[in-house]
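Asks: Start counting the sequence shown at 1; every next residue gets the next number (the UniProt record's numbering).
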Amino acid sequence: MANRNNQKQSAMQLAALSIDQLKGIKDSMDQDIQALQRAYESLRGARNRFGDSKTYLEGFKAYEKGQEMLVPVSSSLYVPGTLHETDKVLVDVGTGYYIQQSVPRAQDFFNKRMGQMKESMDQIAEAMSMKQRQQNTVIDLIKAKAQAQMQAQQQE
1 MANRNNQKQS
11 AMQLAALSID
21 QLKGIKDSMD
31 QDIQALQRAY
41 ESLRGARNRF
51 GDSKTYLEGF
61 KAYEKGQEML
71 VPVSSSLYVP
81 GTLHETDKVL
91 VDVGTGYYIQ
101 QSVPRAQDFF
111 NKRMGQMKES
121 MDQIAEAMSM
131 KQRQQNTVID
141 LIKAKAQAQM
151 QAQQQE
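#1: Can you list the beta strand (DSSP E) stretches of 3 or more residues lying completely in the region 54-103, in chain order?
#2: Exposed or buried, what is Val-93 when buried is set at 16 or more other beta-carbons lying within 10 Å of its beta-carbon?
#3: Would you be able to state if there are at least three C-beta pairs under 8 Å between the region 120-135 and the region 77-86?
#4: May I have the straight-line CA-CA distance separating Asp-32 from Lys-131, to the nearest angstrom?
#5: Run through DSSP, which three-state label would Ser-18 get?
#6: Looking at Tyr-63 and residue 157, is the spacing between their C-beta atoms short of 9 Å?
#7: Is it buried or exposed, Ile-99, if we count other Cβ atoms within 10 angstroms and call 16 or more buried?
#8: Tell me whether Glu-156 sits in a helix, a strand or coil according to DSSP, three-state version.
#9: Give me the Cβ distance between Ile-19 and Ile-139, rounded to the nearest whole Å; I'm assuming they're in contact under 8 Å.
#10: Measuring CB to CB, does Lys-88 end up less than 9 Å from Ser-102?
#11: Taking the straight line between their C-alpha atoms, what separation do you get for Phe-110 and Ser-53?
#12: Which residues in the same chain as Val-73 place their Cβ atom closer than 6 Å to its Cβ, once the five residues preceding and following it in sequence are excluded?
In structure tokens, the structure reads:
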């Protein structure tokens with residue numbers, strides 16, 4: 001009930017603004033929505049990387065101790081290496097820290113992080129939806145005020 005009253009009060013306050021002021025609010029909302037979209041895409045990319053890492057871990061079981069492989073040094077640079085352990089991996093936990101974990105525990109870590117990112121993505125999607133609804137309200141007000149202004153000019 002309080003939320004509905006706040007919405008009505010907010011709509012009344014918006015209705016008191018000029019078209020130029022409403023356009024400024026709309027532009028600000030455009031920027032907010034774009035920032036939310038960038039944050040969503042960033043989280044989706046990170047979530048996909050965690051998913052890829054989890055998938056690679058599933059294929060890791062096929063490797064044997066002493067097997068030679070290419071080790072990524074960067075996204076496009078690899079060096080030859082020899083596998084010393086097949087039951088443990090180093091997991092990047094962020095800010096330059098790595099933790100040695102068993103493969104199942106690393107998979108759990110990736111699942112947990114993917115779940116956290118999904119929750120954050122859902123929150124951002126909800127915020128974007130709310131911001132877009134608010135923006136649509138502002139756009140409707142701009143159109144209504146512009147139409148009223150045109151009708152007033154025609155009557156003069």
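Note that CB positions come from ideal geometry on N, CA and C, so glycine has one too.
Replies: Checking against the coordinates, here is how it stands:
#1: As far as the region 54-103 is concerned, its whole beta strand (DSSP E) runs of at least 3 residues are 68-72, 78-82, 88-94, 97-102.
#2: Exposed, because fewer than 16 other Cβ atoms sit within 10 Å of the Cβ of Val-93.
#3: Per the Cβ contact rule, the region 77-86 is not in contact with the region 120-135 (fewer than 3 Cβ pairs under 8 Å).
#4: Going from the Cα of Asp-32 to the Cα of Lys-131 covers about 8 Å.
#5: Assignment of Ser-18 by DSSP, reduced to helix, strand and coil, places it in the coil class.
#6: Residue numbering for the chain in the displayed model covers 1 to 156; residue 157 lies beyond these limits and cannot be assessed.
#7: Per the 10 Å Cβ criterion, exposed.
#8: Glu-156 falls in the coil class under three-state DSSP.
#9: That belief does not hold up - the Cβ atoms of Ile-19 and Ile-139 are roughly 11 Å apart, past 8 Å.
#10: Yes; because the gap between Cβ atoms is below 9 Å, this pair is in contact.
#11: Here the C-alpha atom of Phe-110 lies approximately 8 Å from the C-alpha atom of Ser-53.
#12: Val-79, listed in sequence order.
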